[in-house]
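Below is one structure, written out as structure tokens; comments come after it.
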Amino acid sequence: MEHVDTIVIGAGVAGLTAARLLTTAGRRVVVLEARDRVGGRVWTDRRDGHVTDLGASWIHGITDSPVAAAAAAFGMPTVEFTVGGYQSDSRPIAYYGPDGVRLTDAAAHRFADDIRVVDAALAEAVAASDTDASYRDVTETALAEQGWDAERTQRVREFLEHRAEEQYGAWIEDLAAHGLDDDSIDGDEVVFPDGYDRLPERLAAGLDLRLEHVVSQVRWSTGGVTVTTGRGDFTAGNAVVTVPVGVLRSDDFTIEPPLPEPVAGALGRLEMNAFEKVFLRFPTKFWDDGVYAVRQQGPESRWWHSWYDLTELHGTPTLLTFAAGPAARATRGWSDEQVAESVLVQLRRLYGERVEQPSHVHVTAWQDDPFARGSYAYMTLGSTTTDHDDLATPVGGVLHLAGEATWTDDPATVPAALFSGHRAASRIVGRDIPIDAVWAG
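Counting with my numbering, you get residues 7 to 447 for the letters of the sequence shown.
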């Protein structure tokens with residue numbers, strides 16, 4: 007049995023941030039990671055000669071972002087791609103109406119203006135909502151206030167449904183009314199042409215990292231912690247647990263004694279989503295030039311409604327779309343070819359015979375990943391934004407939970423993971439550590 011000062015469970019951005027700061031502060035730290043790589047849900051695939059981020063890919067707003075600062079310090083090149091926050095405009099987007107015909111610029115502007123009007127009303131509806139209200143409830147309240155005709159209302163309703171799914175991988179009626187409270191972006195969004203995984207690789211440098219150590223149990227008392235893995239037990243004065251909500255809620259990862267309130271209650275109101283990426287590479291580019299994204303409206307958009315042009319980033323004609331919420335659950339277990347054909351049916355509505363068969367298809371499977379059990383957490387009905395911070399309440403003075411789900415201001419993001427790891431480290435050493443020590447130390 008090996009003893010250290012602090013055990014960090016999980017080598018994603020949250021765990022690596024905490025471990026890096028604690029090591030710099032002079033503590034002996036061991037990082038236990040179930041996978042054979044670092045990064046967790048930051049995972050870049052390079053097997054086919056292309057750089058493809060299968061998990062996290064965007065920094066959703068670089069203003070005052072610690073991840074943007076870290077990326078700059080680590081020399082990670084970025085490309086501006088401000089459309090990942092499911093904006094209605096701000097960058098060129100090709101909208102196609104229910105009839106499959108592209109909207110004129112004027113019609114697209116009017117539609118975007120409608121979104122802004124409803125969003126303003128939505129903020130008030132959310133603030134006045136009951137604790138058990140869904141995001142559907144508050145959007146319907148905001149829509150009803152406008153007095154629009156059925157067609158105009160339905161187009162905006164679809165947009166709000168799609169935004170909820172793309173932002174949180176959850177059907178609008180399953181997402182808490184406050185589920186998109188944090189949905190704000192400051193500054194441009196960027197992606198990484200060399201891969202997002204360069205960040206966790208740099209964070210991991212010099213750490214005592216044990217890969218393929220699957221943790222099954224964490225036992226804690228006010229005197230310390232014991233962590234059980236398939237490769238032996240570890241003991242320490244304290245631990246930082248950064249596994250995703252899906253793992254925390256599973257029977258394969260147990261904490262004894264069970265988590266107390268308010269941690270347990272917060273965990274019970276958060277759930278992992280169903281959200282998969284679908285990458286389609288083509289021999290030639292058949293879609294609109296000069297746009298960041300293509301979106302279709304109407305009943306045909308129920309599953310496949312938005313395609314993002316990654317051609318410049320990947321160096322070959324590439325579209326990215328998402329299977330989110332109901333679509334991700336319904337297509338779970340489908341082959342890549344089956345998913346691709348379902349997507350192509352919709353692309354043919356817009357581009358007809360110009361649509362080619364893809365030369366390469368890749369569909370992620372985060373729902374089936376035993377060390378993730380989904381892409382990220384969302385707030386179920388009855389949840390409030392404080393549940394994120396409550397999940398990080400220190401337990402017994404020795405157990406600290408961190409990760410994207412434990413940060414209120416911007417959950418479900420890499421910055422949230424980094425901030426949460428920094429908070430856990432600061433609590434353990436008993437003082438505020440400058441956050442730039444993450445990339446400067």
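Ideal placement from N, C-alpha and C gives every residue a C-beta, glycine not left out.
What residue range does the alpha helix (DSSP H) around R204 cover? As a working mapping, residue 204 is identified with position 198 in the sequence shown. Counting along the chain, the alpha helix (DSSP H) containing R204 begins and ends at R204 to A210.
S4 burial status per 10 Å Cβ neighbour count (16 or more: buried): Because residue 4 is not part of the residues shown, which for the chain are 7 to 447, the question remains open.
Secondary structure at S227, three-state DSSP: helix, strand or coil? Position 221 of the sequence shown, counted from the start, is the residue given in the question as residue 227. Look at S227 here: in three-state DSSP terms it is strand.
Measuring alpha carbon to alpha carbon, tell me which residue in D125, P206, Q223 and D143 is nearest A24. If you number the sequence shown from 1, residue 24 lands on position 18. Closest option to A24, Cα to Cα, is P206.
Going by DSSP, what residues sit across from I287 in a beta bridge? What you label residue 287 is simply residue 281 of the sequence shown in a count that begins at 1. Note on residue identity: the sequence assigns Arg, not Ile, to residue 287. T324 and H366, per the DSSP bridge assignment.
Please classify D393 as buried or exposed, where buried requires at least 16 neighbouring CB atoms within 10 angstroms. Here the question's residue 393 lines up with position 387 in the sequence shown. By the neighbour-count rule (16 or more Cβ atoms within 10 Å), D393 is buried.
Assumed close pair I13, A242 - CB separation to whole angstroms, cut-off 8 Å: As a working note, residue 13 is residue 7 in the sequence shown. As a working note, residue 242 is residue 236 in the sequence shown. Contact flag correct, Cβ pair sits at about 4 Å.
Taking the straight line between their C-alpha atoms, what separation do you get for E172 and Y102? In the sequence shown, residue 172 corresponds to position 166, counting from 1. In the sequence shown, residue 102 corresponds to position 96, counting from 1. Using only the alpha carbons, I get a separation of about 18 Å.
CB contact flag (E306, Q352, <9 Å): Numbered from its first residue, the sequence shown carries residue 306 at position 300. Numbered from its first residue, the sequence shown carries residue 352 at position 346. Going by C-beta atoms, E306 is nearer than 9 Å to Q352.
So, with DSSP's three-state summary, where would you put E86? Along the sequence shown, one-based indexing puts residue 86 at 80. Three-state DSSP puts E86 in a strand.
CB-CB under 7 Å to R34, same chain, minus the five flanking residues each way: which ones, in chain order? Along the sequence shown, read from residue 1 onward, the residue named residue 34 stands at position 28. Within the same chain, R34 has close Cβ partners V10 and D11.
As assigned by DSSP and simplified to three states, the class of Q160: Locating residue 160 in the sequence shown gives position 154, counting from the first residue. Of the three classes helix, strand and coil, the one that applies to Q160 here is helix, per DSSP.
Mind checking whether G91 and A423 have CB atoms under 9 Å apart? In the sequence shown, residue 91 corresponds to position 85, counting from 1. In the sequence shown, residue 423 corresponds to position 417, counting from 1. With contacts defined by Cβ atoms closer than 9 Å, G91 and A423 do not form a contacting pair.
Name the DSSP bridge partner or partners of E8? Locating residue 8 in the sequence shown gives position 2, counting from the first residue. In DSSP, E8 forms a bridge with F240.
Start and end of the alpha helix (DSSP H) containing H428? Stepping through the sequence shown from its first residue, residue 428 is reached at position 422. It spans V420 to V435 - the alpha helix (DSSP H) in which H428 sits, taken as one unbroken run.
Unbroken stretches of the beta strand (DSSP E), 3 residues or longer, contained in the segment 50-138: Taking only runs of at least 3 residues, the beta strand (DSSP E) segments lying wholly in the segment 50-138 are 99-102.
Thinking C-beta only, is G230 closer than 9 Å to V435? On the sequence shown, position 429 is the one that residue 435 refers to. On the sequence shown, position 224 is the one that residue 230 refers to. No.
Which residue comes first and which comes last in the beta strand (DSSP E) that contains D315? One-based indexing of the sequence shown puts residue 315 at position 309. In this chain, the beta strand (DSSP E) harbouring D315 covers S312 to D315.
Below-9 Å beta-carbon distance, A77 vs any chain C residue: No chain C is part of this structure, which consists of one protein chain only.
Residues in the same chain with beta-carbon distance under 7 Å from P364, minus the five sequence neighbours each way, listed in chain order, please. Translated into positions along the sequence shown, residue 364 becomes position 358. Around P364: L286, R287, F288 and A346.
Straight-line gap, Y141 to D396 (C-alpha atoms, nearest Å): Here residue 141 is taken as the residue at index 135 of the sequence shown, counted from 1. Here residue 396 is taken as the residue at index 390 of the sequence shown, counted from 1. Y141 and D396 have their C-alpha atoms some 22 Å from each other.
Checking 9 Å against the spacing of the C-beta atoms, do I65 and V220 come in under that value? If you number the sequence shown from 1, residue 65 lands on position 59. If you number the sequence shown from 1, residue 220 lands on position 214. The answer is no: Cβ separation not under 9 Å.
Nearest by alpha-carbon distance to G380: which of L215, L60 and W226 is it? Reading the sequence shown from its first residue, position 374 is the one you call residue 380. The closest CA to that of G380, considering only L215, L60 and W226, is found on L60.
Reference G271; option with closest CA among L254, L215, N244 and D54: The residue given as residue 271 occupies position 265 in the sequence shown. Between G271 and the set L254, L215, N244 and D54, the nearest pair of CA atoms involves L254.
Below 8 Å on the Cβ atoms is my guess for R47 versus V444; work out the distance and round it to an integer in Å. The sequence position of residue 47 within the sequence shown is 41, counting from 1. The sequence position of residue 444 within the sequence shown is 438, counting from 1. Actually they are not in contact, since the Cβ atoms of R47 and V444 sit about 18 Å apart, beyond 8 Å.
Is it the case that the Cβ atoms of G331 and A170 are separated by a distance below 9 Å? The residue you call residue 331 lines up with position 325 of the sequence shown. The residue you call residue 170 lines up with position 164 of the sequence shown. Going by C-beta atoms, G331 is nearer than 9 Å to A170.
Which class does V3 belong to by DSSP, given the choice of helix, strand or coil? Outside the displayed range of the chain (7 to 447) lies residue 3, so it cannot be described from this structure.
Among T234, A129 and G321, nearest to F259 - alpha-carbon criterion: On the sequence shown, residue 259 is found 253 positions in, with the first residue counted as 1. Taking only the C-alpha atoms, the option nearest F259 is T234.
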